[in-house]
Structure formats: C-alpha cells, structure tokens
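What follows is one structure encoded as structure tokens, with my remarks underneath.
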Amino acid sequence: MSENQNLLAEQRRTLILDEVRRRGGVRVNELTRKLGVSDMTVRRDLDALARQGVLEKVHGGAVPVVEASTHEPGFEAKSGLELTAKEDIARAAAELVAPGTAIALSGGTTTYALAHHLLDVPDLTVVTNSVRVADVFHSSQRALGRRQGAATVVLTGGVRTPSDSLVGPVADQAIAALHFDMLFLGVHGISAEAGLSTPNLAEAETNRRLVQSARRVVVIADHTKWGTVGLSSFATLEQVDTLVTDSGLPGEARAEIAEHLDRLVVAGEPEDRETPGEAPGTAEESG
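Just so we're aligned: 154 in the UniProt record's numbering is position 154 of the sequence shown, and the numbers increase by one with no gaps anywhere.
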C-alpha cells in the first residue's frame with residue numbers, strides 16, 4: 001500500500017481489512033506508515049471495522065475474525081462493507097439486463113445495490129425473495145407514481161432470515177412454479193471446491209430453487225467472498241454462467257475461476273474478461 005493522505009475512510013478501511021486478511025494480522029504502527037495517516041486515524045478505523053464484526057482488535061493491532069461456517073451476519077452488518085466494490089458490481093451487472101425480461105434477484109446487499117440501478121430499465125418483471133430489494137422498487141413507485149414501463153415485482157413469501165431474505169417451503173414452492181430469463185445471485189461464499197454456499201440451510205434450499213428456475217445464472221459478489229465457505233453448498237461453479245466481481249480479486253483467483261465459468265466480468269477495470277466473441281457490456285439476450 002502506498003502512502004496517501006487523501007484516502008477516504010471507506011477506502012482506508014477496505015485496505016486495512018484486505019491487509020489483515022492477507023497477512024493474518026497487522027500492527028497499528030505498520031498501518032500508519034503504509035497509509036500515511038495518524039495513529040489516531042488508524043485506531044478509529046480499527047474501531048469501526050471491529051464494530052462491523054469483520055476483525056478483532058488486539059493489543060497494538062488487529063487480527064481477522066474467525067467465523068464459524070454457520071455464522072450469518074445481518075443485513076445492516078453487511079451493508080457497510082465494500083461499498084465501492086458493490087456499487088461497481090451493481091453498475092456492471094445492470095448492463096446485462098435487457099428491457100422486457102423476467103429476472104430474479106436473491107437476497108443480499110449487492111443485489112440490493114443492483115436493484116437501484118434497475119429502476120429505469122423498462123418493462124421488467126422482477127421476482128425476489130428479498131424484502132429489501134422489493135422495497136427499492138415499491139419505494140420508487142410510491143415516490144414517483146407507477147409510470148408506464150415500471151417493473152412488476154413479485155415478492156415470494158417465506159420465513160425471514162437475518163439478511164432479510166424470505167426462505168423456506170412457501171418461498172420454495174412459489175419459485176419452483178416460475179421461470180426467469182436471468183437470476184442475479186448474491187452469495188455468502190464462493191470457492192472452487194465448495195461452489196456457492198451459505199450458512200443458512202433453509203436459504204440454501206431456496207437458492208437451489210432459484211438456480212433451477214433460471215435460464216442464466218449471474219453471481220454478483222465482491223472479492224472478499226472468494227474462498228469463503230458457508231455451512232451448506234447450493235450450486236457448483238459449473239452452474240454459474242457469469243460472475244461479476246470487483247478489481248480486488250487476485251490474479252490467481254481469476255485464473256481458477258476462468259477454468260469453471262464461461263464469463264468473468266471484473267467491474268471497474270478497462271477491459272472485462274469475456275468469453276470469445278462476446279463484447280463487453282452487451283446485454284444478455286432473452287426469449
């Protein structure tokens with residue numbers, strides 16, 4: 001990390017968290033030198049990250065939090081993490097959506113960010129098991145009135161999880177009866193060995209139904225999800241058509257992903273990794 005007095009708090013904290021995870025721990029004096037900021041600024045950043053539950057403060061520094069595979073952070077805890085990456089991913093993913101298509105959005109903070117970028121795409125049918133995602137569309141329609149071409153939103157029923165997703169038999173039955181052109185799937189973890197995974201068993205089953213009902217599966221996940229494994233796997237990488245991630249994904253991970261997926265889109269970079277013959281940023285065709 002190079003010295004930069006003008007780094008925003010969010011950028012500093014992202015760099016700090018990446019350094020903690022990469023090295024297994026850092027000291028305050030190391031971070032002050034690398035970031036070019038004061039001891040007090042680093043300690044405030046560590047306090048903020050510790051409150052979010054993503055690292056643990058120790059005497060003189062910080063270490064990663066070792067989470068159980070069953071640990072499921074709440075929506076609010078996750079919403080403050082990797083904000084720039086999620087926004088870049090959401091913007092890139094929105095370019096894949098063609099007007100007039102039927103799409104599904106799973107629960108999660110990245111799909112929540114994507115929903116905001118889909119408000120102006122006309123004539124969408126949006127199926128979601130996320131209360132938060134549905135609220136994005138409903139709030140827009142309440143504020144602006146239902147305009148011609150506004151999205152039709154189908155919210156499944158079910159039992160609410162800590163991340164404000166609706167899961168369980170009611171959600172599963174509703175999803176199984178539907179067919180959508182494209183699924184945008186947020187994940188707790190993704191790896192070559194475990195595929196896509198979540199700490200919530202009921203959510204895993206609902207996500208399986210979403211994958212089964214979709215013609216194309218697009219995973220939207222920031223780089224911190226790579227290598228994370230939850231309690232229950234619900235899809236293999238071979239079941240994913242496209243992964244949209246951010247530029248923080250290491251080169252070795254990109255190479256490994258490319259062995260399993262047809263298409264890798266790295267948001268925020270000049271050129272995306274594409275399958276042969278596919279132009280960057282073009283909308284997926286449906287029908």
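In this text, a Cβ means the ideal position worked out from N, Cα and C, and glycines have one as well.
None of the values given here were measured: they were computed from a predicted structure.
Uninterrupted beta strand (DSSP E) stretches inside the stretch 174-224 (no shorter than 3 residues): Qualifying beta strand (DSSP E) stretches, in chain order: 180-185, 189-191, 195-198, 214-220.
Three or more C-beta pairs below 8 Å linking the stretch 182-202 and the stretch 218-236: In this structure the stretch 182-202 touches the stretch 218-236; the number of beta carbon pairs closer than 8 Å is three or more.
Is leucine 49 helix, strand or coil when you go by DSSP? Here leucine 49 sits in helix by DSSP.
First and last residue of the uninterrupted alpha helix (DSSP H) at alanine 92: For alanine 92, the enclosing alpha helix (DSSP H) starts and ends at 83-94.
Could you please give the first and the last residue of the uninterrupted alpha helix (DSSP H) stretch that includes leucine 31? Its alpha helix (DSSP H) spans residues 28-35.
Specify whether the stretch 219-226 and the stretch 245-260 touch according to this definition: at least 3 beta carbon pairs, one from each stretch, less than 8 Å apart. Touching, per the Cβ criterion.
Alpha-carbon spacing of alanine 50 relative to alanine 171, whole angstroms: Here the C-alpha atom of alanine 50 lies approximately 34 Å from the C-alpha atom of alanine 171.
Work out the CA separation of glutamate 203 and valine 159 for me, nearest whole Å. It is roughly 10 Å from the alpha-carbon of valine 159 to the alpha-carbon of glutamate 203.
From what residue to what residue does the beta strand (DSSP E) around glycine 168 run? In the DSSP annotation of this structure, glycine 168 is not part of any beta strand (DSSP E), being labelled neither H nor E.
Beta-carbon separation (whole angstroms), leucine 164 vs glycine 107, contact threshold 8 Å: According to the sequence as given, residue 164 is aspartate; it is not leucine. At roughly 6 Å, the Cβ-Cβ gap stays under 8 Å, so aspartate 164 and glycine 107 are in contact.
With 16 other Cβ atoms within 10 Å as the buried cut-off, status of threonine 152: Exposed.
Pull up the distance between the alpha-carbon of isoleucine 16 and that of leucine 83, whole angstroms please. Computed Cα separation, rounded: 14 Å.
As assigned by DSSP and simplified to three states, the class of leucine 15: Three-state DSSP puts leucine 15 in a helix.
If we call anything under 8 Å between Cβ atoms a contact, is alanine 102 one with phenylalanine 137? No. Outside cutoff.
Please state whether DSSP places glycine 157 in a helix, a strand or coil. Note: glycine 157 maps to coil in three-state DSSP.
Buried/exposed call for glycine 157, threshold 16 Cβ in 10 Å: With fewer than 16 Cβ atoms within 10 Å of its Cβ, glycine 157 is classed as exposed.
Determine the contact status of valine 131 and leucine 166, defining contact as a CB-CB distance below 8 Å. Leucine 166 is positioned such that its CB atom lies closer than 8 Å to that of valine 131.
Check whether the stretch 110-128 and the stretch 86-101 are in contact - that is, three or more C-beta pairs closer than 8 Å. With a cut-off of 8 Å, the stretch 86-101 and the stretch 110-128 count as touching, because enough Cβ pairs lie within range.
Residue interval of the alpha helix (DSSP H) (run including glycine 251): Boundaries of the alpha helix (DSSP H) around glycine 251: 251-258.
Going by the CB atoms, is the gap between valine 42 and leucine 55 shorter than 8 Å? No. Outside cutoff.
State buried or exposed for leucine 144, treating a residue as buried only when at least 16 other CB atoms are found within 10 Å of its CB. Exposed.
Could you compute how far the alpha carbon of glutamine 173 sits from the alpha carbon of valine 127? When the Cα atoms are used, glutamine 173 and valine 127 turn out to be separated by approximately 13 Å.
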